[in-house]
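Undergrad:
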Amino acid sequence: MRLSKACWQTYKEIPKEAEIPSHQLLMKAGLLHKSGSGIYQYLPFALRVIQKIENIIREELNKIYSQEITMSMVTPGELWKESGRWDLMENLMVQFEDRGGKDLCLSPTNEESVTDIFRKIVKSYKQLPVSLYQINTKFRDEIRPRFGLMRGREFIMKDAYTFHLNKECMDKGYEEMYQAYSNIFKRMGLDFAIVEADAGNMGSTDSKTHEFQVIAETGEDLIVYSESSDYAANIEKAETIRKNLSFSKDSEVTEIDTPKMKSIADVCNHLKVDQYQSLKSLVYTSITDAKESHHLVLLLGDDELNEVKLKNYLNATYLVMTKDETIKDLGLIKGFIGPHNCSENLNIVYDQAIDLDSSYIIGANKVDKHLKGFVPSRNCKDSVNQTDLRNSKPGDYTQCGEHEVKIKKGIEVGHIFQLGDKYTKAMSAQVLDNNGKKVNPLMGCYGIGVTRTMAAAIEQNHDEQGMIWPMAIAPYQVYFSLIGKSEEIKKLASDIYDSLVSDKIEVLFDDRGLGPGAMFKDSDLLGLPIRITLGERDYKESNLLEIKLRKCGTVHKVSREGLNSKVKELINNEL
RNA sequence: CGGGGUGUAGCGCAGCCUGGUAGCGUAACUCGUUUGGGACGAGGAGGUCGGAGGUUCAAAUCCUCUCACCCCGACCA
């Protein structure tokens, strides 16, 4: 592409709404325009990146015999009513009626559509497994779109679906997809982690699910991992253990004065003990099947509650912190809440890290009083419920107790799930097995956020000057700038450009005649991996062109004859 | 949806408190001079001040309503 013919404009200033590097740089470098909240236009260079990402995905999925299809973006409401998600997802889905009053929606995902296709075609176990995918636009009316492409309402997603006769087959399909995903992100040149994840509403709790996380400072997810083993999990899911805590056991419970000390830090400082010698008492209200119940959640004083774990443990539809007035009604004093002698309307849950036979400082349920020497196994009337509810922390150990964990941030770009028979059952998709018996096949579903991956690649790879694209997904491989204005040098540059193109090198030729500074700034901002400069003055002296690598700044001087092979070598090194 | 904020030229901002000629930087345009890290000079162009209503002789500025967008939370590729 010749820049003199391109529709491209960079900017010196960043639109104020852009807060994170990927959004700022995509706007500044003229790759993206905003159309509305969470809705963007992909300009030519962005589209090239998107297409490269898509093609890598296609190649890897085709290898595992997944077949590409395209499902309609607008789907009939009927399908969603069949699966029961029409009402469930009404906040996320844009729903509307056609002129005849029939319900329609913009697809936020396509389990229903694909199951509908499947049940119309597949009737026999001999046709299984089936693997289908599509890459197209999704619309989710997110509660709060933000961070540019990171959480748009309209976005491009690859969604794949597999159908299997039994669990064994589903596991095999899952494993293939896991491998394909690993290959996809490897080929894109991204630093990523594969982590155990929480299934959310998507699957049953025992089904496998993993997330693919691009490692980046601006990531919204926390990844718990160990360097000495292959353990990695999203913090929502991670179960790790604390080590080297020494507890004591007091012989009796005594009340102590703690005037105006409402926080654990205050009380423990006052008593000169470590915070884990106390119990943190949190009151939560869960709603399950429209029934409300209240829970007192106990954690070691320096631990934090993981709400996802609590929600899963309680099998709750919603979970909120209990309102102040309800806390009062339950006979609790905020700031001095504790598990001793409290209301029978409260369900008490202990975190796994608590040693039930040791003594702790707890709130006394009296103003300005705490209790010392509370031992759960001794001082609780009823049997004690205990489960893992805390957030993992750096310095914890994996379950086996051998590997210390750390935490880093990631951006979720891919997620693979085992769905089981949820949709095939709801939508009566059945095949005959080898006994002639009707069975509901098991499903897996697998997503990659294409546009989010583009943003994540920038989050991971940029500097003060601009973006730094990995070779495999760069809009072009080479930025070729010409400094000079004589007719001879222009002719030479044009010939070089033509020869690069005919050698199948993706080159962006800056023939706009700008000053060198402006060209270099644009080049660094756009972040193509390789920059070639033909400078009239230098070339007359030395007959050499300059090759500079965006990522490391390395410079090579090459002759016109050696240029193409050197560039090809550099490209192949990075692919 | 709750809390906070912002809307003035393509982009970034000032002006608003204390009402009275619509301003700066940058980009874009023309002419000339420039070519290895966002060149310089000169000239011109660009605005329903988010929208509606109100107060006033007079509103970007004060009042009311409204819309859009951004940030913090629940959601997710």
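Each residue of the first sequence is one higher than the last, beginning at 5 in my numbering.
Glycine included, C-beta positions come from ideal geometry on N, C-alpha and C.
1) Kindly list the residues whose CB is nearer than 6 Å to the CB of Gln13, restricted to its own chain and excluding five residues on each side of it in sequence; keep chain order.
2) Specify, as a first and last residue, the run of the alpha helix (DSSP H) that Asp91 falls within.
3) Hey, could you find the ends of the alpha helix (DSSP H) Glu115 is sitting in?
4) In whole angstroms, what separates the C-alpha of Lys315 from that of Ile68?
5) Tell me whether the segment 157–171 and the segment 127–140 touch, counting them as touching only if at least three CB pairs, one residue from each stretch, are closer than 8 Å.
6) Just to confirm, is the Cβ distance from Ile239 to Gly156 under 8 Å?
7) Among Asp91, Phe122, Val417 and Leu486, which has the Cα closest to the Cα of Gln71?
8) List the DSSP bridge partners of Gln217.
9) Pairs of beta-carbons, one from the segment 263–281 and one from the segment 361–370, closer than 8 Å: are there three or more?
10) Going along the chain, which residues of its own chain have a beta-carbon closer than 8 Å to the beta-carbon of Ala476, five neighbours each way excluded?
11) For Lys264, which option in Lys338, Ala22 and Glu256 has the closest C-alpha, if you only look at C-alpha atoms?
12) Can you tell me where the beta strand (DSSP E) with Ala269 in it begins and where it stops?
13) Identify which residue in Asp107, Gln28, Gly405 and Ala203 has its Cα closest to the Cα of Glu468.
14) Helix, strand or coil for Phe189, going by three-state DSSP, please let me know.
15) Just checking my contact of Lys373 with Thr262 at CB under 8 Å: how many whole Å lie between their CB atoms?
16) Do the CB positions of Ala304 and Val353 come within less than 8 Å of each other?
17) Using 8 Å as the threshold, is the segment 74–87 in touch with the segment 428–436, meaning 3 or more CB pairs across them?
18) My output table needs one value for Val228: the three-state DSSP class, helix, strand or coil.
19) What did DSSP end up calling Thr457 once you bin it into helix, strand or coil?
20) State the Cα-Cα distance for the pair Ser41 and Glu94, rounded to the nearest angstrom.
21) Whether or not the segment 343–360 and the segment 434–446 are in contact is what I'm after, with contact meaning three or more pairs of Cβ atoms, one per stretch, closer than 8 Å; do they touch?
22) Can you have a look at Ser111 and say buried or exposed, based on whether 16 or more other CB atoms are within 10 angstroms of its CB?
23) Quick one: is Tyr322 buried, meaning 16 or more other Cβ sit within 10 Å of its Cβ, or exposed?
24) Taking buried to mean at least 16 other C-beta atoms within 10 Å of its own C-beta, is Cys11 buried or exposed?
25) Would you kindly work out how many angstroms separate the C-alpha atoms of Ile234 and Lys413, rounded to a whole number?
26) Please return the same chain residues whose Cβ sits closer than 6 Å to the Cβ of Asp355, not counting the five positions on each side in sequence.
27) Could you say if the segment 490–497 and the segment 438–449 meet the contact criterion of at least three C-beta pairs nearer than 8 Å?
TA: To lay it out plainly:
1) Position 9 of the first sequence holds residue 13. Around Gln13: Gly34.
2) Along the first sequence, one-based indexing puts residue 91 at 87. Unbroken alpha helix (DSSP H) run through Asp91: Arg89 to Leu92.
3) Working through the first sequence from its first residue, we reach residue 115 at position 111. Per DSSP, Glu115 belongs to the alpha helix (DSSP H) from Glu115 to Ile125.
4) Translated into the one-based positions of the first sequence, residue 315 becomes position 311. Translated into the one-based positions of the first sequence, residue 68 becomes position 64. So the alpha carbons of these two residues sit roughly 36 Å apart.
5) yes
6) Numbered from 1 along the first sequence, position 235 holds the residue referred to as residue 239. Numbered from 1 along the first sequence, position 152 holds the residue referred to as residue 156. Cβ atoms of Ile239 and Gly156: not closer than 8 Å.
7) As a first step, residue 71 is located in the first sequence; it is residue number 67 there, counting from the start. Of the listed residues, the one whose Cα sits closest to Gln71 is Phe122.
8) As a first step, residue 217 must be located in the first sequence, where it is residue number 213. Answer is Ala197 and Glu416.
9) yes
10) Locating residue 476 in the first sequence gives position 472, counting from the first residue. Closer than 8 Å at the Cβ level, and outside the excluded window around Ala476, lie Lys56, Ile60, Arg191, Met192, Gly193, Glu578 and Leu579.
11) Against the first sequence, residue 264 aligns to sequence position 260. Of the candidates Lys338, Ala22 and Glu256, the one whose C-alpha sits nearest the C-alpha of Lys264 is Lys338.
12) Reading the first sequence from its first residue, position 265 is the one you call residue 269. Premise fails: Ala269 lies in the alpha helix (DSSP H), Ile268 to Leu275, not in any beta strand (DSSP E).
13) Reading the first sequence from its first residue, position 464 is the one you call residue 468. Comparing Cα-Cα distances from Glu468 to each of Asp107, Gln28, Gly405 and Ala203, the minimum goes to Gln28.
14) As a working mapping, residue 189 is identified with position 185 in the first sequence. In the structure shown, Phe189 sits in a helix (DSSP, three-state: H, G or I).
15) Taking the first residue of the first sequence as position 1, residue 373 is located at position 369. Taking the first residue of the first sequence as position 1, residue 262 is located at position 258. With a Cβ gap of about 6 Å, Lys373 and Thr262 count as contacting.
16) Counted from its first residue, the first sequence places residue 304 at position 300. Counted from its first residue, the first sequence places residue 353 at position 349. A quick correction: the sequence has Leu, not Ala, at residue 304. No, they are not a contact pair.
17) yes
18) Position 224 of the first sequence, counting from 1, holds the residue named residue 228. Of the three classes helix, strand and coil, the one that applies to Val228 here is strand, per DSSP.
19) For the purposes of this step, residue 457 is taken as the residue at position 453 of the first sequence. Three-state result, Thr457: helix.
20) Within the first sequence, residue 41 is the residue found at index 37, counting from 1. Within the first sequence, residue 94 is the residue found at index 90, counting from 1. If I take the Cα positions, the gap works out to 19 Å.
21) Taking a cut-off of 8 Å for Cβ pairs, the segment 434–446 and the segment 343–360 do not touch, as fewer than three such pairs fall below it.
22) Here the question's residue 111 lines up with position 107 in the first sequence. Label assigned to Ser111: buried.
23) Within the first sequence, residue 322 is the residue found at index 318, counting from 1. Classification for Tyr322: exposed.
24) Position 7 of the first sequence, counted from the first residue, corresponds to residue 11. It counts as exposed.
25) Against the first sequence, residue 234 aligns to sequence position 230. Against the first sequence, residue 413 aligns to sequence position 409. In the sequence under discussion, the amino acid at residue 234 is Asp, which differs from the Ile named in the question. Near 17 Å, if we compare the C-alpha coordinates of Lys413 and Asp234.
26) The count along the first sequence starts at 1 and reaches residue 355 at position 351. So the list reads Leu303, Leu393 and Arg394, once near-sequence residues are dropped.
27) no
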